[in-house]
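Report on the following structure.
Protein chains in written order, with this note's numbering: chain A, 1 to 354; chain B, 1 to 286.
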């Protein structure tokens, strides 16, 4: 870990980032489907200021869930939210689409300001712009065809039938589902399809901010990866702001721009994966298992100290490449041309010393 | 492999809708005390398969037997008491107003004396570290706590076969590892036959055997070592290598050590940090 601190002090972090395979899905800021999303990416779309939330506030059963949370989220970013069970992650999501009102401080989402005691706030407009996908897809799907489920949101927000239908189809395509599924009963879909259909049903209403609670939990690992890449595409190509609550930091590491860690109702961390790596020692205390990529990188950094100057590689392939380069360099500090045979020999010695 | 048979499917066909068979001519034998992981892409029939064992579902043809006894309508209730199930979403199995009441509900059904019920609840809630949660309403618990309570409730029934149907999939990383430790403990205890339907690689690696389903048929039945050495099989089952294994594979593709060496390397590297999971995994297999 000390290595990362050195690396930060050397100021290499930001300059190296783009060279380092970050945003592997590709930023395409021009292809923005929704005009209001074309706005400046530095615009803050979510802002929590000293936000508190207490369940059943004022009653003897009051139970605080969030304390003094301060969070800023910029438009068009993909944000991972991690935290142990009961850390306040789900409460946080519910505050962001007005399902809950803060009991202290304020929550600003887009141009809606939510403060304690707001009397009958008109939140329909907010909820149209902020979509929430629950942990269990079957809790979203209640109509007798996928098409009706996908149209439910748009119709509910007063969009004419024909347009709702078009939006349903578009959402289906965005989740790479086949149109033949439209007439199926949602509960006859496979787990992976059901999950994607549930997300599509949220997307159909055209939210600018999409929040997902453990979207990959029940999928097999190949389907998880596919879904994560789809979400990254929604973010990069369509400029949507995406918040993903996850307990698998490692699977989102490749695509997340930023991380928020919740612990005992407080936002104890907000920053990118490099900064998260710097504080890997604290993860355990925050009730989070240290993700494997951070562990592996720390292990290799301990062997090859020159790796410490680099940002955290986001994929196994990238990490392997960095390690190979470092081995290469330490084999031959002066010459840049090297043969595979020498590389192999040197690596053998690295392995042997460990 | 002269283990007594705990559960067996022979020539089982099953379909929810006639034209779409879910299981086709499935033969599977699970020995007493064995831990078998059932894997495959979503929708391949894994959950259907385990539901046949406690007669939640009945096969269209073929037989299902448990401890040598073929399942029929008449003996199904008796057999069910020997099989415990832990599901993915613990909310679906809570009935009581408090955790304790929920556990007692199942035990009352067994017609146990009050002292015995109290003893079992105390013993298993202690084993799963949920004693403090006994007076709480299940709705107040976090997902991980709920799942531990669900396992405790299941074990109070003292089942001989325990089926985990994606039980770790909704858990956070820590609760997942905790639950995995619990299942390992049950395996070491020796008194349980374990079937786990899972997408979790750690759970697969900890099992004795991995049975892979594809399009309603068993396409592989191997030890974890054999299973994970077959990239084509992994791909067809929708399984991606976990980061550490993938890194080792990538390194070896770049000519750094041979694959065997890298695996050893990765496990060794676990000593530096808190990568004890790898050592543990290897430990259980050796």
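All C-beta atoms, glycine included, are put in the ideal place defined by N, C-alpha and C.
Measure the C-alpha to C-alpha separation of residue i and residue j and round it to an integer number of angstroms.
i	j	result
residue 314(A)	residue 198(B)	26 Å
residue 169(A)	residue 108(A)	31 Å
residue 140(A)	residue 329(A)	53 Å
residue 43(A)	residue 72(A)	10 Å
residue 325(A)	residue 274(A)	20 Å
residue 226(B)	residue 122(A)	59 Å
residue 126(B)	residue 189(B)	16 Å
residue 80(A)	residue 74(A)	13 Å
residue 103(A)	residue 96(A)	13 Å
residue 264(A)	residue 45(B)	39 Å
residue 10(B)	residue 22(B)	15 Å
residue 93(B)	residue 142(A)	21 Å
residue 160(A)	residue 144(A)	20 Å
residue 148(A)	residue 91(B)	27 Å
residue 131(A)	residue 213(A)	11 Å
residue 286(A)	residue 66(B)	44 Å
residue 171(A)	residue 194(A)	14 Å
Output needed for residue i: all residues of its chain with C-beta closer than 7 Å, excluding positions within five of it in sequence on either side, in chain order.
i	result
residue 292(B)	Here chain B has residues from 1 to 286 only, and residue 292(B) is not among them.
residue 57(B)	14, 48, 51
Using a cut-off of 8 Å between C-beta atoms, extract the partners of residue i located in chain B.
i	result
residue 182(A)	Result: empty, since nearest Cβ-Cβ is about 18 Å, beyond 8 Å.
residue 136(A)	89
residue 248(A)	173
Taking its Cβ as the centre, do 16 or more other Cβ atoms sit within 10 Å of residue i, making it buried, or is it exposed?
i	result
residue 171(B)	buried
residue 173(B)	buried
residue 180(A)	exposed
residue 72(B)	exposed
residue 262(B)	Caution applies to residue 262(B), whose pLDDT of 41 falls short of 50 and renders its modelled position unreliable; the value that the coordinates give is listed next. Residue 262(B) is buried by the Cβ-count criterion.
residue 128(A)	buried
residue 284(A)	exposed
residue 183(A)	exposed
residue 193(B)	buried
residue 38(B)	buried
residue 146(B)	buried
residue 332(B)	Because residue 332(B) is not part of the residues shown, which for chain B are 1 to 286, the question remains open.
residue 119(B)	exposed
residue 30(A)	Below a pLDDT of 50, predicted positions are generally treated as unreliable, and residue 30(A), at 39, falls in that range; the measurement from the model is reported next regardless. The residue is exposed, with fewer than 16 neighbouring Cβ atoms inside 10 Å.
residue 200(B)	buried
residue 124(B)	buried
Check for me: the alpha helix (DSSP H) holding residue i runs from which residue to which?
i	result
residue 317(A)	316-331
residue 203(B)	201-206
residue 173(A)	161-174
residue 115(A)	Looking at the DSSP string, residue 115(A) is not in any alpha helix (DSSP H), and its letter there is neither H nor E.
residue 187(B)	173-189
residue 167(B)	No alpha helix (DSSP H) contains residue 167(B), which DSSP labels as neither H nor E.
residue 221(A)	221-238
residue 156(A)	146-156
residue 91(B)	Where residue 91(B) is concerned, there is no enclosing alpha helix (DSSP H), given that its DSSP letter is neither H nor E.
Name the chain A residues that come within less than 9 Å of residue i, Cβ to Cβ?
i	result
residue 21(B)	Near residue 21(B) there are no residues of chain A at all, since even the closest Cβ is about 14 Å away, more than 9 Å.
residue 43(B)	189, 190, 191, 192, 193
residue 336(B)	As shown, chain B starts at 1 and ends at 286. That puts residue 336(B) outside it, with no answer to give.
residue 347(B)	Outside the modelled stretch of chain B, which goes from 1 to 286, sits residue 347(B), for which no answer is possible.
Determine the chain A residues that contact residue i at a beta-carbon separation under 7 Å, and present them in chain order.
i	result
residue 250(B)	316, 317, 320
residue 242(B)	292
residue 177(B)	289
residue 143(B)	85
Can you name the residues of chain A whose CB is closer than 8 Å to the CB of residue i?
i	result
residue 239(B)	220, 221, 222
residue 170(B)	135, 214, 217, 218
Quick one: residues in its chain with C-beta nearer than 6 Å to the C-beta of residue i, no 5 flanking neighbours on either side, listed in chain order?
i	result
residue 82(A)	249, 261, 288
residue 242(A)	78, 210, 231, 235
residue 196(A)	175, 177
residue 57(A)	103
residue 91(A)	53, 65, 66
residue 103(B)	121, 153, 156
residue 54(B)	80, 83
residue 5(B)	29
Could you work out which residues of chain B lie near residue i, taking near to mean beta carbons separated by less than 7 Å?
i	result
residue 296(A)	243, 244, 247
residue 327(A)	256
residue 264(A)	Chain B residues near residue 264(A): none, gap ~12 Å exceeds 7 Å.
Short of 8 Å in beta carbon distance, which residues of its chain neighbour residue i, apart from the five on each side in sequence? Order them along the chain.
i	result
residue 228(A)	216, 251, 252, 254, 255
residue 158(B)	120
residue 87(B)	93, 150, 165, 166, 167
If you follow the beta strand (DSSP E) that residue i is in, where does it begin and where does it stop?
i	result
residue 95(B)	Residue 95(B) -> no beta strand (DSSP E), and no H or E assigned at all.
residue 59(B)	Premise fails: residue 59(B) is in no beta strand (DSSP E) and is neither H nor E.
residue 213(A)	209-213
Taking residue i as the query, report the chain B residues whose CB atoms sit under 9 Å from its CB, ordered along the chain.
i	result
residue 225(A)	240
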